Amino acid sequence: MSKQGFAVRSMIALAIASAFPLQSALATEVAAVAEGQDTPAASATPSTANQLETVIVTAQRRAENIKDVPMSIATIKGDKLDAVTAGAGDIRVLSGRAPSLNIESDYGRAFPRFYIRGLGNTDFDLNASQPVGYVMDDIVQENAMLKGFPIFDTDQVEVLRGPQGTLFGRNSPAGVIKFDSAKPVFKQEGYVTLGIGNYSAKNAEGAFNFPVSDTVALRFSGTSQHRDDRVHNTNPTAGKGTQDFEGYGDNAFRLQALVKPNQDFDALFNYHQRNYHGSATLFRANIIKQGTNDIVDGFDYGSYPTDGVNYQKLETKGGSIRLKYNLGDITYHSITGYEKLKFNSRADVDGGYGAVFAPPYGPGRIPFPVETADLLPNHKQFTQELRAESNYKGPLQWIGGLFYFNESIQIDSIAFDTLSPGNPQVPSYARQFQKSKSWAAFGSLNYAVSDKLKLRGGLRYTDDKKDFFASRTDFDATNTLVTVPHTLNSKTHNVSWDLSGTYELDKNTNLFARAATGYRAPSMQGRLSALTDVPTQAGAEKALSFEAGIKQDLFDRRARLSAAVFQYRVKDKQLTAGSGTVNMNRLINADKVTGQGIELDLQANLGYGFSGSAGYSFNDTEIKDKNVRVQYCGNVANNAGMGCTPTNAPAPGFPGYSLIDGNDLPRAPRHQANFTLKYSTEVANGELYALTDWTYRSKYNFFLYTATEYTAKPLTEGGLRVGYKWGDGKYEVAAFGRNITNKIVLLSAIEFDNLTGMLNEPRTYGATFKVNF
């Protein structure tokens, strides 16, 4: 056994050993919980005043106590969710807030990429698939542009770790992020929150819920988030380029109608919309000090010399109808969803101004100009699920259903060049069309062998079909305008399964174990940069995962512990490699990727006004394929020695290529930790509170190969929120700060040009005022 493998196994053993002795801690019976509701533990008796609330999740498509769910799962809600989203933080602020969860983006607020247990996808193309499923109000959001919908009026976020192939399916071999909005209720209530912050940030959020009658209730909620530009173009020859950057306006709303004519039937209608405009991510040329992963000396966050135009516009619209009918011992569900979007983003990818053949140029060496726009002028997604579940008494329960998915996408990539006449540089453009259809049949059985032992098994059959077309229009060698087309097709099917169980060691302690498989349909890419380019295809990947753990209430339910160990294997893992020379991805399959690690979650009411939480994960991932190779750094010759410093073994017979066997997966930190601590006390008939939250993640590789410059430094970020509530909680004023230490590091890079990188968000701060009614 290697030293590395021994260390991993030792940590896993330590986690289990440390968790099990706690099983004898005193605890009380779990309070009865109404389906779909969270019941505060603080009740009429003083002995329960400091107990944690019972957390209800729908990870298995039923409302269950989180302790009874046989999988590793975390929730983000309440004060913690309010704190991390203060100042209109987008979905990336959830990164690291649950063990094994990482979220990043090369498109800023518009295109988040999710990673669970190290499994994700660095692909920046607009039809990129991800192995982490994203479900918002029971509707799968397939395209990455749908996944950045602002967080507001949210009941709970669930992070389901490990393959979710049977009940959720749809490209979820790594796990699922599940968002549940606050639903309409039959009483009048609501809130309004107003906020201001640095960089002239102005934010408003609110919800208004009211019953129209005894059978109809409406809930309207929305957010409006605005920030001024905070980065200025210092290029002395800027000309028509964009002058200021990183401001935005992000407006979204959700309208829901609940129709409940009787206790056995209800219909929930949902319409939501988002309109976002802002800056594309700033690609900063020559920001990395060669031979290190340090930012260059004299770096100024507020300056960005460029000759290009920068903007980003996104509009999404969607709706759903969820019907639920209880008929005796069986409940029927119908969930219909429709989503559409339009997207337009333009950026100066070379990250500077001019080029070596058109001085002046800078900062540093700009080998050639690269300015592109990516558009999604046409996108439509339709989903339909029909599901039935048992609800009768007895040891055996079941769920069965059918699922249908239909998506069509058009992608246009257009070249610009400030140094040349005629923009856009038509006819130099690429176009892609993709149509995806999928249907599935799924089912699961739950069987209570005894009062202590409960088993679950599930199956899902999936049939996927994808048709892809890519073309490049340009002048050929004879200066004749031509269009070169390419087509790719795939038709695959898969059977996913899972087996799991929980064993009640005592009334406070459950042990669980789970084996599960997952599947991701083939992926295709074709952002063609030249007439000689061809699209690439990666075949389907299949995951097999094992996990085991413990969930435990401690100290009379004043604390809750969850610990898990896991190990997985992904065959034919889909990976995204850069082309090495142009702004284009290349899809490949690796024979196998493995992962193993641990996850720990702890929440506690500590007494004397203190409460807190802590989480930790260790993820050891490894690419296992002795033959797979990728082109590294790119354009070393064009950069006149200003390229990166690769550290992998070179591929024999393939100059400029690295072997990646044994590498960690990209953007997959081995260590992640999170911590929150809240103090509250009564002051003048109100509540004064302070909450601080911190996350840590270790270093990771930007790309499939390793290079000194393309390694992210470890990052620790902290937040603080101090507030006062009065009038029985009706009013609240608070001050907040995010990234309060103003730690700035590189998050990712552009590998085909010079040492161009992207950064995390700087420190933000502000204040909010909230009224509940």
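With mature numbering (1 follows the signal peptide of the UniProt record, and there is no 0) as the guide, the letters of the sequence shown map in order to residues -27 to -1, 1 to 746. Heads up, the beta-carbon is just placed ideally off N, CA and C, and yes, glycines get one too. Since the structure is predicted, the reported quantities are computational estimates derived from the model, not experimental observations.
- Message: On the DSSP letters alone, give me the boundaries of the alpha helix (DSSP H) that Asp52 sits inside.
- Response: Gly51 to Val57
- Message: Tell me the residue span of the beta strand (DSSP E) that contains Asp201.
- Response: Premise fails: Asp201 is in no beta strand (DSSP E) and is neither H nor E.
- Message: Would the region 294 to 301 count as touching the region 255 to 275 if we require 3 or more Cβ pairs under 8 Å?
- Response: no
- Query: Which residues in the same chain as Val232 place their Cβ atom closer than 6 Å to its Cβ, once the five residues preceding and following it in sequence are excluded?
  - Reply: Val189 and Ala240
- Query: By Cβ distance below 7 Å, which residues in the same chain neighbour Ser154 in space, the five residues on each side in sequence not counted?
  - Reply: Asp110, Asp126, Thr127, Asp128 and Arg227
- Query: Do Gly138 and Arg531 have their CB atoms nearer than 8 Å?
  - Reply: no
- Using the DSSP secondary-structure output, state which residues sit across from Ala680 in a beta bridge. Pro619
- Item | Exposure label - Tyr673; buried when at least 16 CB within 10 Å | buried
- Please name the residue in Thr304, Gln246 and Gly62 whose C-alpha comes closest to that of His199. Gly62
- Message: For a quick check, are the C-beta atoms of Lys524 and Ser584 less than 8 Å apart?
- Response: no
- Item | Separation of Thr509 from Leu454, as counted between CA atoms | 24 Å
- Out of Arg319, Val343, Ser318 and Ala320, point me to the one whose CA is closest to Val329's CA. Val343
- Should Met44 and Ala83 be called a contact, given that it needs their Cβ atoms to be closer than 8 Å? no
- Just the C-alpha distance for Ile339 and Gly730, rounded to the nearest angstrom, thanks. 14 Å
- Excluding the five sequence neighbours on either side, which residues of its own chain have a C-beta within less than 6 Å of the C-beta of Ile382, listed in chain order? Asn100, His352 and Gln407
- Out of curiosity, what's the CA-to-CA distance linking Asn556 and Phe97? 10 Å
- Message: Give me, in chain order, the residues of the same chain whose beta-carbon lies closer than 7 Å to that of residue 752; leave out the 5 immediate sequence neighbours on both sides.
- Response: The displayed coordinates of the chain run from -27 to 746. Any statement about residue 752 would go beyond what the structure contains.
- Please name the residue, chosen from Gly588, Val603 and Val30, that lies closest to Ala646 on a Cα-to-Cα basis. Gly588
- Beta-carbon contacts of Tyr630 that lie in its chain and below 6 Å, excluding the five residues immediately before and after: Arg602, Gln604 and Ala624
- Rounded separation between Phe675 and Lys743 - CA only: 40 Å
- Message: Give me the DSSP bridge partner(s) of Phe448.
- Response: Leu454
- Look at the Cβ atom of Thr668, then the Cβ atom of Arg70, and state whether they are nearer than 8 Å. yes
- Item | Runs of beta strand (DSSP E) lying entirely within the region 329 to 385, each at least 3 residues, in chain order | 331 to 335 and 344 to 363
- Which one of Thr654, Asn592, Gly635 and Ser307 has the shortest CA to CA distance from Asn600? Gly635
- Message: Measuring straight from C-alpha to C-alpha, what distance separates Glu77 and Ser423?
- Response: 44 Å
- Query: Candidates Gly81, Gly710 and Asp390: which alpha carbon is nearest Ala174's?
  - Reply: Gly710
- Message: Spatial neighbours of Phe181 within its chain, please: C-beta separation below 6 Å, excluding the five flanking residues on both sides.
- Response: Gly163 and Phe193
- What three-state label does DSSP hand Leu(-6) in the structure shown? Bear in mind that the predicted position of Leu(-6) carries a pLDDT of just 37, short of 50, making it unreliable; the figure below should be weighed with that in mind. If DSSP states are grouped into helix, strand and coil, Leu(-6) belongs with the helices.
- Message: For a test of the three-state rule: what should DSSP assign to Met731, helix, strand or coil?
- Response: strand
- Query: Nearest to Asn467 by CA position, among Asp447, Lys515, Val507 and Asp666, is which residue?
  - Reply: Lys515
- Would you mind listing the alpha helix (DSSP H) stretches within the region 33 to 118 that are 4+ residues and don't spill past its ends, in chain order? 51 to 57
- Message: Does Phe256 come out as helix, strand or coil in the three-state DSSP assignment?
- Response: coil
- Task: Check the C-beta distance from Ile169 over to Leu728 and give it rounded, since I have them as a contact under 8 Å.
- Result: Wrong, their Cβ atoms sit about 37 Å apart, outside the cutoff.
- Message: Quick check: what's the CA-CA separation for Ala225 versus Gly81?
- Response: 17 Å
- Endpoints, beta strand (DSSP E) assigned at Tyr589: Phe583 to Lys597
- With DSSP collapsed to three states, give me the class of Glu724. coil
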